[in-house]
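Novice:
Chains as they are written, first to last, in my numbering: chain H, 903 to 1573; chain Z, 2 to 158.
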């Protein structure tokens, strides 16, 4: 009964989506207030209906209702509660339903929180969001319905893939989806602006919070996926340039570019057409990602079921939206009033460079990801494009980004003074060099290659160059500590968000360079009592035993990790066999020392009681994820600031009072 | 600078960046791409020693030799040819005889494939797509047998 109710609610949601796709847009174009007024109510209704459907499916998982094909295939009554819940989206149908739930959630949020934006823009935006909702609701109902019953109902389910029984899975997909799908609302705003033919700085101000929210969650989702792969797969790698990872990374790159170009549009009323294009592009790449991941074109842990019909359906959605939005763009964009040009040496000039490099980097990733698919389709040759390709292409493109980032931060709007900025950054440069030499000395002069040293220099330059803005603005070494602190307290949130975002990127790069250059690995067969030495650590294999978990049996091996004679860690990696499927699964054991980690994974035992032990030493690896957390934090702070600005345009004088710090340092934009 | 000069400068710069990126991508695709080969491909074409390739096929029954400690020896077959593989490390959890796998590495002078990565993906019914297609093309794909074993593993107990 509950299942049928959920199914029914989902179909009703589709009908609501159809209504929302047509009437509000019609009303916006013809200035019909009654039709436009429908949009917010419909968006909220659609969200509530989808909630009912999602809740019904969750209910089936919680109660282990195996009369549902979906629960039978992906659940088991012995599963711990948290994995019964996360199992809802640990399969194709459920994950697409979650996708739709987040999609309509964003629609409802716009309906509720954007009361201040003009009615026409809001109605057209929700209408465009309705198109996306309609397409995906139709996909759920027609091609991947989670509410299909089986009869007779089996007594027990076949269990969730053990690899997915992990806390990482419980939170990684929802967070990543919020990022992915959040860009749909940015897309809807762009489509609405094109339909209405009105694009101004205010549009950028309304759309920026949505870009920021999506970007923050996409950043967190990618970082979390990377950490999950690192500790769960047992290979010790944190990024594989796997097509599935690239699928989420491409919208991140263009989304980051969009985040920056929207600032230029908001402040200077320039780059307008380009910003709209980026908004369309970013969502198109999100759809492409969904297609690559869910269609079964690629085989990976993310591709749950290979069903050509589904692949074709998502491909059709992809083509309609990409083709449609590009057509709309080509047709309407020339009608938009062009923004002014500006001096190349200026804040906006540097942001154009940022956009240029980020989109180029995205294009390189795009080619590397799709080339094997295209080549196979045309010539039948099977190739794999892996890390060497991406390191060769993506790496060099990002170098100028890191070099120029601190400059862009200090350049003034309108007309900057590159030479002056260079002089102001001299101290930051010196500090970065000192830090580089310090780290080289610490890691060992003889083992550091020139490339690694350059990598360190680049990372420290990005970190200290970004932090220098704080020193500059507070005049830390000029006016005394107390007065500087008072200035720091008065900073506008945007100062902190830029500094954290940029320094966070530098910290991530530092972690990447150090890990790539200095990680080491040891694989040995060890017998109880055996000791080995590596990187100053002593590892002793103590013993192993078997124990039972809630839905698996595991063999735990215990190792003692010593440094300088002191015990610094008891490591207990294990190998599990899951009861439901008999599927084996390794669990790693990781010890963290400062920012570095020692990583243990075990393999099979041999006939003589030995066990294959794999130990990785990963210097400063946690910096990779700490950096991404800082970037997200920067995004959150920017969001906090934006909240003051969302809504109706505020007069320039009033706004100056709100964002005091920014207004004093940068000329108030002429709008 | 006039408006026109600025615009030209911007276009020039964009062209320069894109041009270099295209160069990098083309160079990358020509130098750092690995080709997928089946055991028969290797036997026929004489793959160069040291060239990086991906080898895919089934792990031959009774070929797994773990007696040498952390170096593991086995043979990968497409039912026509079999190539000996040597791998130092921990095999994936789902590595079994009869299972489809992909190994990445290079051939040495003695005709042994030195693998640095072995992939047997995350699902027991998983068969790497390339392996599946090659086997199917060569007519060595045993539908019934594979289907039966898949059936067995998902059986309700």
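Where a beta carbon is used, it is the ideal one built from N, C-alpha and C, also for glycine.
So, at 7 Å on beta carbons, what are the nonlocal neighbours of residue 911 of chain H in its own chain, with the 5 sequence-adjacent residues on each side left out?
Specialist: 951, 954, 955
Novice: Give a yes or no on whether the minimum CB-CB distance between residue 1426 of chain H and chain Z is below 9 Å.
Specialist: yes
Novice: From residue 1257 of chain H to residue 1309 of chain H, what distance separates their C-alpha atoms?
Specialist: 15 Å
Novice: In whole angstroms, what is the alpha-carbon distance linking residue 879 of chain H and residue 28 of chain Z?
Specialist: For chain H, the structure presents residues 903 to 1573; residue 879 of chain H sits outside this window and is missing.
Novice: Among H/1454, H/1491, H/1329, H/1484, whose alpha-carbon lies nearest the alpha-carbon of residue 1471 of chain H?
Specialist: Of the candidates H/1454, H/1491, H/1329, H/1484, the one whose C-alpha sits nearest the C-alpha of residue 1471 of chain H is H/1491.
Novice: Which residues does DSSP pair with residue 105 of chain Z in a beta bridge?
Specialist: Partner(s): Z/55, Z/118.
Novice: Out of H/1430, H/1477, H/1410, which has the shortest C-alpha to C-alpha gap to residue 1528 of chain H?
Specialist: H/1410
Novice: Let me see if you follow: with CB-CB separation under 9 Å, is residue 91 of chain Z close to chain H or not?
Specialist: With respect to chain H, the C-beta atom of residue 91 of chain Z has a partner C-beta closer than 9 Å.
Novice: Counting contacts by CB-CB distance shorter than 9 Å, is residue 1 of chain Z in contact with chain H?
Specialist: This structure leaves residue 1 of chain Z out entirely; chain Z is present only between 2 and 158.
Novice: For the 8 Å Cβ check, are there 3 or more pairs between the region 1280-1299 of chain H and the region 29-44 of chain Z?
Specialist: yes
Novice: Which residues of chain H have a Cβ atom closer than 8 Å to the Cβ of residue 95 of chain Z, listed in chain order?
Specialist: Within 8 Å of the CB of residue 95 of chain Z, the CB atoms of chain H belong to 1485, 1486, in sequence order along the chain.
Novice: Identify whether residue 1509 of chain H lies in helix, strand or coil by the three-state DSSP scheme.
Specialist: DSSP places residue 1509 of chain H outside both helix and strand once states are collapsed to three, so it counts as coil.
Novice: Tell me the rounded alpha-carbon separation between residue 7 of chain Z and residue 1254 of chain H.
Specialist: Approximately 13 Å, taken between the alpha carbons.
Novice: Would you list the residues sitting across from residue 1423 of chain H in a DSSP beta bridge?
Specialist: H/1518
Novice: Within 8 Å, do at least three Cβ pairs link the region 78-88 of chain Z to the region 35-53 of chain Z?
Specialist: Below 8 Å, enough C-beta pairs join the region 35-53 of chain Z and the region 78-88 of chain Z to call them touching: three or more.
Novice: Of all Cβ atoms in chain H, is any one closer than 9 Å to the Cβ of residue 150 of chain Z?
Specialist: Its pLDDT being 38, under 50, residue 150 of chain Z is placed unreliably by the model, and the measurement read from it follows with that caveat. For residue 150 of chain Z, the nearest beta carbon of chain H is not closer than 9 Å to its own beta carbon.
Novice: Would you kindly check if the distance between the Cβ of residue 1337 of chain H and the Cβ of residue 1383 of chain H is under 9 Å?
Specialist: no
Novice: Can at least three beta-carbon pairs, one atom from the region 1058-1070 of chain H and one from the region 967-985 of chain H, be found at a separation below 8 Å?
Specialist: yes
Novice: If we cut at 9 Å on Cβ distances, does residue 942 of chain H have a partner in chain Z?
Specialist: By this cut-off, residue 942 of chain H is not an interface position.
Novice: Residue 1486 of chain H to residue 1099 of chain H, Cα distance in whole Å?
Specialist: Going by the C-alpha atoms only, they are around 58 Å apart.
Novice: Using a Cβ cut-off of 9 Å, which residues of the region 26-42 of chain Z contact any Cβ in chain H, in chain order?
Specialist: 26, 28, 29, 30, 32, 33, 34, 35, 36, 37, 38
Novice: Closer than 6 Å by C-beta to residue 1522 of chain H: which residues in its own chain qualify, once you throw out the five before and the five after it? Chain order, please.
Specialist: 1413, 1416, 1497, 1498
Novice: Distance, Cα to Cα, residue 1284 of chain H vs residue 1273 of chain H?
Specialist: 10 Å
Novice: Can you give me, in chain order, the residues of the region 68-86 of chain Z that have a beta carbon less than 8 Å from any beta carbon in chain H?
Specialist: Those residues of the region 68-86 of chain Z that come within reach of chain H (Cβ to Cβ, closer than 8 Å) are 68, 70, 71.
Novice: Do you know offhand how far residue 1081 of chain H's Cα is from residue 1332 of chain H's?
Specialist: 38 Å
Novice: Since residue 1485 of chain H is in the alpha helix (DSSP H), which residue starts that stretch and which ends it?
Specialist: Counting along the chain, residue 1485 of chain H falls outside any alpha helix (DSSP H), and DSSP gives it neither H nor E.
Novice: Alpha carbon to alpha carbon, how far is residue 1117 of chain H from residue 1512 of chain H?
Specialist: 48 Å
Novice: List the residues of chain Z that residue 1262 of chain H touches, going by C-beta distances under 8 Å, in chain order.
Specialist: 18, 19, 22
Novice: Checking the sheet assignment: what are the DSSP bridge partners for residue 78 of chain Z?
Specialist: Z/59, Z/83
Novice: Pairing CB atoms from the region 1027-1043 of chain H with CB atoms from the region 1085-1092 of chain H, are three or more of them under 8 Å?
Specialist: yes
Novice: Which residues of chain H have a Cβ atom closer than 7 Å to the Cβ of residue 10 of chain Z, listed in chain order?
Specialist: 1246
Novice: Against chain H, with Cβ distances strictly below 9 Å, would residue 125 of chain Z count as a contact?
Specialist: Low local confidence applies: a pLDDT of 43 at residue 125 of chain Z is under 50, so the model's placement there is unreliable, and no value is given.
Novice: For residue 1443 of chain H and chain Z, any beta-carbon pair shorter than 9 Å?
Specialist: no
Novice: Please tell me whether residue 1414 of chain H has its Cβ less than 9 Å away from any Cβ of chain Z.
Specialist: No, residue 1414 of chain H does not count as interfacial toward chain Z.
Novice: For the alpha helix (DSSP H) containing residue 922 of chain H, name the first residue and the last one.
Specialist: The continuous alpha helix (DSSP H) containing residue 922 of chain H extends over residues 904-932.
Novice: Is it the case that the Cβ atoms of residue 1295 of chain H and residue 1425 of chain H are separated by a distance below 9 Å?
Specialist: No, the pair does not count as a contact, with Cβ atoms beyond the cut-off.
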